[in-house]
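Just so we're aligned, residue 1 is where the sequence shown starts under UniProt numbering, counting upward by one.
Written below as structure tokens is the structure these notes are about.
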Amino acid sequence: TIITVLKNLGVLCRRLNLSEQADIFELCASKALQNPAEMILRALTALRQIRTHDDMNHQTMRRS
């Protein structure tokens, strides 16, 4: 289910030391039954932030 996916993303983020994003995923998981559409959008926004951050790190590493 979507709740399980969100919880797993939270665990993965914690392992990658992305605690802010982990908090977002855990919050989304806890409120997904009440307002699924909004929580999915919040989770997608958090995923985009992680991707943007990762892309910037890769560009910096290539320049070094």
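Glycine residues also receive a C-beta, built at the ideal position from the N, C-alpha and C atoms.
- Exposure of A37 is indicated by the presence of fewer than 16 other C-beta atoms within 10 angstroms of its C-beta.
- Non-local C-beta neighbours of K31 in its own chain, meaning closer than 6 Å and more than five positions away in sequence, comprise M39, ordered along the chain.
- Closest option to A22, judged by alpha-carbon separation, among T52, A46, R51 and H53: A46.
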